[in-house]
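Residue numbers (our numbering): -1 to 126.
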């Protein structure tokens, strides 16, 4: 199945993405299993380790043009790289929301609330 051109699918990154899916971190697995798989997030579908532009997104929702990243400890030393990546992805139409490993592992409910609020604001579908 080919990806729509407007979502900037980079088939050259497919093998690396496949390896990253097999080698997911504990926090990525938790976020996927508890919040993002099976259209659990307000009915929106996400894909794991998805090539987009010159990057591989941890989680991507094409419908929302949303990328969710889970940052481990090493990202503390990559703030410049992460900012460039986010800016590059924004230029091609994506919003990037970042959560730390710690947030996912110790406060998954806040991660859930943050995602739900962003989606509700984006879609104009505010729940009561």
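Glycine included, every Cβ here is placed at the ideal spot set by N, Cα and C. On a predicted model such as this, the values are computed, not experimentally measured, just so you know.
DSSP places residue 65 within a strand segment (E or B) once states are collapsed to three. DSSP, reduced to helix, strand and coil, places residue 105 outside both helices and strands of the structure shown, so it counts as coil.
Counting along the chain, no alpha helix (DSSP H) covers residue 98; the unbroken beta strand (DSSP E) around it starts and ends at 93 to 98.
Here the alpha carbons of residue 117 and residue 31 stand approximately 19 Å from one another. Between residue 6 and residue 66, the gap from beta carbon to beta carbon reaches 8 Å or more. With 16 or more neighbouring CB atoms inside 10 Å of its own CB, residue 102 falls in the buried class.
The DSSP-derived three-state label of residue 58 is strand. Inter-residue distance for residue 37 and residue 113 is about 13 Å (C-alpha atoms, whole angstroms).
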